[in-house]
Structure formats: structure tokens, C-alpha cells
Amino acid sequence: MKNIFIRPIALLLLLILPYGLSAEGGEDNAQHGEKKEGLNVGELIAHHTSDSHDYVIEIPFFHYTLHLPVILWTDKGLSVFSSGKFQGDNEGKVVVTDKKGNKFVKIHEVIYYADKVKDNPHPNVFDYDSRPLDFSFTRNALAILFVFILLLLIIHFTKKAYENRYKLPKGIAGFIEPIILFIRDEVAIPNIGPKKYEKYMPYLLSVFFFILLSNLIGLIPFAPFGHNITGNIVVTFVLALFTFILTTVGGTKHYWKHIFNPPVPHAIKPIMIPVEILGMFIKPFALMVRLFANMFAGHTILISLVALIFIFGTVLFAPVSGAFYVFMGFIKILVAFLQAYVFTILSALFIGLAVEDHEEHEEHEHQPA
Amino acid sequence: MSLTSPETLVFWMTLFFLIFAYLLTKMGWKPILNAVKEREKSIEQAVLEAEKVREEMAKLKADNEKLLKQAREERENILKEARELKNKILAEAKTEAEKMRNEELAKTKKLIAAEREAAVKDIQNQVAEISLEIAEKVIGEQFSDKAKQIAYIKKNLSELKLN
Chain A
1 MKNIFIRPIA
11 LLLLLILPYG
21 LSAEGGEDNA
31 QHGEKKEGLN
41 VGELIAHHTS
51 DSHDYVIEIP
61 FFHYTLHLPV
71 ILWTDKGLSV
81 FSSGKFQGDN
91 EGKVVVTDKK
101 GNKFVKIHEV
111 IYYADKVKDN
121 PHPNVFDYDS
131 RPLDFSFTRN
141 ALAILFVFIL
151 LLLIIHFTKK
161 AYENRYKLPK
171 GIAGFIEPII
181 LFIRDEVAIP
191 NIGPKKYEKY
201 MPYLLSVFFF
211 ILLSNLIGLI
221 PFAPFGHNIT
231 GNIVVTFVLA
241 LFTFILTTVG
251 GTKHYWKHIF
261 NPPVPHAIKP
271 IMIPVEILGM
281 FIKPFALMVR
291 LFANMFAGHT
301 ILISLVALIF
311 IFGTVLFAPV
321 SGAFYVFMGF
331 IKILVAFLQA
341 YVFTILSALF
351 IGLAVEDHEE
361 HEEHEHQPA
Chain B
370 MSLTSPETLV
380 FWMTLFFLIF
390 AYLLTKMGWK
400 PILNAVKERE
410 KSIEQAVLEA
420 EKVREEMAKL
430 KADNEKLLKQ
440 AREERENILK
450 EARELKNKIL
460 AEAKTEAEKM
470 RNEELAKTKK
480 LIAAEREAAV
490 KDIQNQVAEI
500 SLEIAEKVIG
510 EQFSDKAKQI
520 AYIKKNLSEL
530 KLN
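First to last, the sequence lines map onto chains A and B. Everything in the first sequence is counted per my numbering, starting at 1 for the first residue and increasing by one. Everything in the second sequence is counted per my numbering, starting at 370 for the first residue and increasing by one.
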């Protein structure tokens, strides 16, 4: 009896911890004998939060698996075929042969050359010798496209409100415009400065709305929503990479001087210069991890709460799970806005640090005195 | 999340982000930001203009008041001047009248004096004549009665006194 209560709570606590655990979660939980409960929660979470070559549409009374195209760059060139050929296999058991004679297997949503992983049931994703480059149009790629198209539609209808110059924004523009103005007046101008902010506004707005919309779409638990986009570290990596590129390209002389010749006593310079150079990379790295960890943890908690019902094995637990789910859902809505805001304001801050003119900066500091 | 091949999403995310950031900028952010900026500018301009108009109105009002005050002052001045003129005319008329009266008086006095003189002369002449007559009569009666003569003279003299 005691075990029944402690085990799920311990499991829940473990699942809230960063993703490394759940990546291996399937095996861990299997070893602990979760399988006899009829549900492998770790695997469930991993399945729901990671990218996939198939898009399983699950809504009540409707179950359909959309097989997305697999696009591979192999040793013999481009290879394109439907992911349906793997027949939903993720254990490396189904071998697919393409027109050029390449043989592939899929293990945990990663496609390897069949002959190279024959002896190795747990191949490394980063072992590029054992697998082709994978540019498949995966579930998350579809989700990203979906988010962008939705965003483009929203912005298109927002723009329509401005065709009459002097009319106040109505409808969707009444919701979007305050956000745009907030990003301009509270994020871009204070951090980048009134002279250069305009150049970076499109980037900041695109990033903010993409993250916000992705976060919110991730909260709706049925198709065509419910994708874990911003909870995927590769997506946040690309976003952080753009910020990094903007800071590096836009960096002024003063910014580079501050990194390679920081204004500190000479004795400390050998320490400070590596720290400053590291800082260049740590800033976007922090952006990447913060957004990813927040969103991934949120998804994990939500799925875990639902999974608790099955772990307890009684429908009587459903109201408790449901109450917690709703509570967490509200927090996640807050987090969706918050994380979009945090990513945007930190991007603006890093860009601002890189592009601001020092003389101008000093002037601003002296003005109030 | 189990990590799948990272290049997949790096490729698609970069591709979609670049394409859609461009489209959003062209179709959305730029026009919206420009429209908002233009609206803000027009509002600012309208506010400034309203302020200017208000200032002008205040100035106009002040001008009007000044004009009104001036008009009032002028009216007062005119009235004062009129009053002064009236007084002056009155005073002049008075002095003129007095002068005329005085002249008339002096003329009359002169006339009276002249008449009197003439009268006195006349009386003198008459006295002389009468005296002559009396003397004639006295001489004529001298011989008849001395007492009568004296009474007669007395009588004539008393008559003379009346003149």
C-alpha cells in the first residue's frame, strides 16, 4: 500500500528533473518493473515530447497516423520515402530498403544504416558514420510550419485593421497591438536604444510571437495542436543561434574591445578574457536551455499528471489528476507568456549590449545628473 | 524528450524561421509598426495643433478684452470731455452774460447820469427863467405891495424847491 503511493510521487519528482532522465526513462522504468502496471510512463512522456517521423492524430473517436516524408542524405545521395515503410517500428526490427539499395532501420525515431547498427542495439545519435543525415519533414517540422502559417494569418488580419489610418485597432488587432507596442516600448527601446531598435524589431516580434504561439499550441492537448515545439532543444537552439548571430554581426568596436581588452587591471586580464569569450556563448546557451527546460518540464508534468490515473489504476484518481492538470494548465499559460517575454527581453538585452555606442551610453548616464 | 537527429529540426526551423520572419516583416511588422508610428505622429500633431489653437483662442480672447477695455476707456474719455466741454461752455456763457449785463449796466448808468445832468441843466435853466420871470413879476408888482412881493417870492421859491 505504501509502495503504491510513494512510487508515483517519486516518479513524478524524477520526471520533473531535466530531460536527460526521460531520454533514458524507457529503460529505467522498465527495469523498475513499471511494465506490469500496463503503462511505461517514461516512454509515454518521451513519445509525446520528442520529434517523430509519424504524426499520430488522436482525437476522441478518431485515430489516424499521418506518415510524413523521410528525407535522407545518404552516402549515395538523396533518398526520399514515406515513414509508413517502417510500420511504426522504433526498435530497429523493420528494415527499409530504398531505390538506391540503402538499408535503414529506425531506433527511437532516429534512422540508422541497418548494417552499421546490427550489433549495437543502442547507437549514438551523434555517430554520423552509422546514420545518414536526416532532413525528414517530421512532426515538429510540420508543427513549426503550422505555427508560422497561423501566425502569418493572425498578423495578416491584424494588418487589415490598419488600412484606415486613423481608426483605432479593433478585433484581433486590439489584442496584438498592445503586445507589439509592449515589445517596442518596454523591450526593444530600453534595451537596444532609441536609435537602433527599429532594425531589430522584426526579429524580436517574430521570436516573441513564434515562442508564444508555440507555447500556447503546446497546451491544447489534441490535434492539430499539442506539439512540443519550444520544449525541443533543437528549436530553442536555432532561436538562440539567431540571437547569437545578431549580437556577433551587430557588435560594435566597443563590444569587441570589451571582450578582448576588458577594462580591468592587467593582472586579471588572463582570467577575464577567457571569461568574456565564454560569456559570448553562455548568453545564447542560457537562452536555449531556459526556454527548452521550462516548456519541456511543463509538458512532462502535464503528461505525468494524466499518467497518474493509470499508475494508480483507478478512475477514482481522475478528479485529483484533473484538478492538478487544470491548475498546472493555468500556470503553463502564465509560463507561455512569461518565457516568450523572457526570451525576447534577454535577446534584446544581449543585442543591446553588443550594438550600443559607448559614447552615447555615457551621455545617457550623465543626463539625469 | 529523447534527442532525435538534431540536423532535422535545425534545417527545418532555420528554413521556416527565415522564410516566415521575412514574410512577417514584409506583410506584418513593418506595415503595422509604420501605421502605429504614423498614428502616434498624427495624434501628437493633433494635440500640438489643438494646443496652438487654444493658445490662439486665449490670445484672441485677451485681444478682445483689451479692445473692449480700450473702447470702454475711450467712451469714458469722450463722456468726460463732453462733460468738461459742457461746463466750459456754461461757464463761458455765464461770464459772457455777466459781461454783457455789466456793460448794459454801465451804459444805463452813463445814460442816467447824462439824463440827470441834462435834467439839472434844464432845472438850472428853468430856475434861471423862473427866477427871471419871478423877478419880472416881482418888479411888476413892486409898486403895489411890498408884503405881497415877499410872499410871492417865497411862494416861487418853494415851488422851485420841488424841482
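Built from N, CA and C at the ideal position, the CB exists for glycine as well.
ask   = For Met288(A), does the count of other Cβ atoms within 10 angstroms reach 16, so buried, or fall short, so exposed?
value = Your numbering for residue 288(A) matches position 288 in the first sequence. With 16 or more other Cβ atoms within 10 Å, it is buried.
ask   = By Cβ distance below 8 Å, which residues in the same chain neighbour Gly251(A) in space, the five residues on each side in sequence not counted?
value = Mapped onto the first sequence, residue 251(A) falls at position 251. Close CB contacts of Gly251(A) within its chain, under the 8 Å cut and outside five residues either way in sequence, are with Ala354 and Val355 (chain order).
task = Quick one: which residues of the segment 394-410 of chain B get their C-beta closer than 8 Å to a C-beta of chain A? List them in chain order.
result = Listed by position along the chain: Thr394, Met396, Gly397, Trp398, Lys399, Pro400, Ile401, Leu402, Ala404, Val405, Glu407 and Arg408.
ask   = What residues from chain A crowd round Met426(B), counting only those whose CB sits closer than 7 Å?
value = Working through the second sequence from its first residue, we reach residue 426(B) at position 57. Under the 7 Å cutoff, chain A gives no residues; its nearest Cβ is about 24 Å from Met426(B).
query = Taking the alpha-carbon positions, what's the Asn90(A) to Asp134(A) distance?
reply = For this step, residue 90(A) is matched to residue 90 along the first sequence. For this step, residue 134(A) is matched to residue 134 along the first sequence. The C-alpha of Asp134(A) is placed about 16 Å away from the C-alpha of Asn90(A).
inquiry  = To the nearest angstrom, how far is the alpha carbon of Ile303(A) from that of Asn261(A)?
reply    = Position 303 of the first sequence, counting from 1, holds the residue named residue 303(A). Position 261 of the first sequence, counting from 1, holds the residue named residue 261(A). Cα to Cα, Ile303(A) sits roughly 49 Å from Asn261(A).
ask   = The beta strand (DSSP E) with Ser82(A) in it runs from where to where?
value = Residue mapping note: residue 82(A) aligns to position 82 of the first sequence, counting from 1. Unbroken beta strand (DSSP E) run through Ser82(A): Gly77 to Ser82.
task = Report, in whole angstroms, the separation of the C-beta atoms of Phe86(A) and Val94(A), which I expect to be a contact under 8 Å.
result = The sequence position of residue 86(A) within the first sequence is 86, counting from 1. The sequence position of residue 94(A) within the first sequence is 94, counting from 1. The pair is a contact, with the Cβ atoms about 5 Å apart (cut-off 8 Å).
ask   = So Ser136(A) and Ile180(A) are in contact, right, with Cβ under 8 Å, and what is the actual spacing, rounded?
value = Position 136 of the first sequence, counted from the first residue, corresponds to residue 136(A). Position 180 of the first sequence, counted from the first residue, corresponds to residue 180(A). About 35 Å separates the two Cβ atoms, so there is no contact after all.
inquiry  = Short of 9 Å Cβ to Cβ, which residues in the segment 232-247 of chain A face chain B?
reply    = Going along the segment 232-247 of chain A in chain order, one finds Asn232, Ile233, Val234, Val235, Phe237, Val238, Leu239, Leu241 and Phe242 with a Cβ nearer than 9 Å to chain B.
task = Flag this pair as touching only if the segment 384-402 of chain B and the segment 204-216 of chain A have three or more C-beta atom pairs under 8 Å; answer yes or no.
result = As far as the Cβ criterion goes, the segment 384-402 of chain B touches the segment 204-216 of chain A, which means the pair count is three or higher.
query = Does the segment 325-334 of chain A come within contact of the segment 292-302 of chain A, defined as at least 3 CB pairs closer than 8 Å?
reply = The segment 325-334 of chain A makes contact with the segment 292-302 of chain A: 3 or more CB pairs, one atom from each, lie closer than 8 Å.
task = Mind checking which residues open and close the alpha helix (DSSP H) that includes Phe350(A)?
result = As a working note, residue 350(A) is residue 350 in the first sequence. Per DSSP, Phe350(A) belongs to the alpha helix (DSSP H) from Ala318 to Val355.
ask   = Cβ of Ile288(A) less than 8 Å from any chain B Cβ?
value = As a first step, residue 288(A) must be located in the first sequence, where it is residue number 288. It is Met, not Ile, that sits at residue 288(A) in the sequence shown. For Met288(A), the answer is no, since every Cβ of chain B falls outside 8 Å of its Cβ.
ask   = Do His53(A) and Thr138(A) have their C-beta atoms within less than 8 Å of each other?
value = Reading the first sequence from its first residue, position 53 is the one you call residue 53(A). Reading the first sequence from its first residue, position 138 is the one you call residue 138(A). Yes. Within cutoff.
query = Looking at C-beta atoms only, is the number of pairs between the segment 338-346 of chain A and the segment 209-216 of chain A that lie closer than 8 Å three or more?
reply = Between the segment 338-346 of chain A and the segment 209-216 of chain A there are three or more C-beta pairs closer than 8 Å, enough to call the two in contact.
task = Using the Cα positions of Thr247(A) and Val379(B), report the straight-line distance between them to the nearest angstrom.
result = As a position in the first sequence, residue 247(A) is number 247, starting the count at 1. As a position in the second sequence, residue 379(B) is number 10, starting the count at 1. If you draw a straight line from the Cα of Thr247(A) to the Cα of Val379(B), it comes to about 20 Å.
ask   = What does a CB cutoff of less than 7 Å around Leu529(B) pick up in its chain, not counting 5 residues either side in sequence?
value = Reading the second sequence from its first residue, position 160 is the one you call residue 529(B). Correct list, in chain order: Val496 and Ile499.
Buried/exposed call for Gln339(A), threshold 16 Cβ in 10 Å = Here residue 339(A) is taken as the residue at index 339 of the first sequence, counted from 1. Note on Gln339(A): 16 or more other CB atoms within 10 angstroms of its CB, so buried under the neighbour-count rule.
task = Take His108(A) as the anchor and find which of His48(A), Glu276(A), Phe148(A) and Thr97(A) has the nearest alpha-carbon.
result = The residue you call residue 108(A) lines up with position 108 of the first sequence. Selected option, being the one with the closest Cα: His48(A).
Within-8 Å CB hit, Met201(A) to chain B = Against the first sequence, residue 201(A) aligns to sequence position 201. So yes, Met201(A) belongs to the interface.
message = Can you confirm whether Glu186(A), when its beta carbon is compared against all beta carbons of chain B, has any partner nearer than 8 Å?
response = Working through the first sequence from its first residue, we reach residue 186(A) at position 186. Under the Cβ distance rule, Glu186(A) does not count among the residues neighbouring chain B, no pair being separated by less than 8 Å.
key: Proximal residues of chain B, C-beta to C-beta of Phe137(A) below 9 Å   = Residue 137(A) sits at position 137 when you count from the first residue of the first sequence. Phe137(A) reaches chain B at Thr377 and Trp381, counting residues in chain order whose Cβ is nearer than 9 Å.
task = Could you confirm whether any beta carbon from chain B is found closer than 8 Å to the beta carbon of Leu213(A)?
result = Start at 1 with the first residue of the first sequence, and residue 213(A) comes out as number 213. By this cut-off, Leu213(A) is not an interface position.
ask   = chain A beta carbons: is any one of them nearer than 8 Å to that of Ala419(B)?
value = Indexing the second sequence from 1 puts residue 419(B) at position 50. No, no contact with chain A.
query = How should Asn232(A) be labelled, buried or exposed, when 16 other C-beta atoms within 10 angstroms of its C-beta is the threshold for buried?
reply = If you number the first sequence from 1, residue 232(A) lands on position 232. Buried: at least 16 other Cβ atoms inside 10 Å.
task = Give the residues of chain B in contact with Leu216(A), contact being defined as C-beta atoms less than 7 Å apart.
result = As a first step, residue 216(A) is located in the first sequence; it is residue number 216 there, counting from the start. Going along chain B, no residue has its Cβ under 7 Å from Leu216(A), so there is no contact; the nearest lies around 17 Å.
ask   = Would the beta-carbon of Asn294(A) fall within 8 Å of that of Val264(A)?
value = Reading the first sequence from its first residue, position 294 is the one you call residue 294(A). Reading the first sequence from its first residue, position 264 is the one you call residue 264(A). Not a contact, by the Cβ cut-off of 8 Å.
Which listed residue (His258(A), Ala297(A), Leu316(A) and Leu241(A)) has its alpha carbon closest to that of Phe285(A) = Counting from one through the first sequence, the residue named residue 285(A) turns up at place 285. Closest in alpha carbon position to Phe285(A), among His258(A), Ala297(A), Leu316(A) and Leu241(A), is Leu241(A).
message = Which residues of the segment 151-169 of chain A have a Cβ closer than 8 Å to any Cβ of chain B? Give them in chain order.
response = If you check each beta-carbon in the segment 151-169 of chain A against every beta-carbon of chain B, the ones closer than 8 Å belong to Leu151, Leu152, Ile155, His156, Thr158, Lys159, Tyr162, Arg165 and Tyr166.
task = List the endpoints of the continuous alpha helix (DSSP H) containing Tyr255(A).
result = As a first step, residue 255(A) must be located in the first sequence, where it is residue number 255. Here the alpha helix (DSSP H) through Tyr255(A) covers Lys253 to Phe260.
ask   = Can you find at least 3 beta carbon pairs, one from the segment 58-69 of chain A and one from the segment 120-129 of chain A, that sit closer than 8 Å?
value = No: fewer than three Cβ pairs fall under 8 Å.
ask   = To the nearest angstrom, how far is it from the Cα of Met201(A) to the Cα of Gly298(A)?
value = Looking up residue 201(A) in the first sequence gives position 201. Looking up residue 298(A) in the first sequence gives position 298. Whole-angstrom Cα-Cα distance: 29 Å.
inquiry  = Measuring only the C-alpha atoms, how far is Pro132(A) from Thr377(B)?
reply    = Numbered from its first residue, the first sequence carries residue 132(A) at position 132. Numbered from its first residue, the second sequence carries residue 377(B) at position 8. If you take the alpha carbons of Pro132(A) and Thr377(B), they lie about 11 Å apart.
inquiry  = Determine, for Asn102(A), whether the minimum Cβ-Cβ distance to residues of chain B falls below 8 Å.
reply    = To locate residue 102(A), count along the first sequence from 1; it is residue 102. With 8 Å as the cut-off, Asn102(A) does not count as an interface residue toward chain B.
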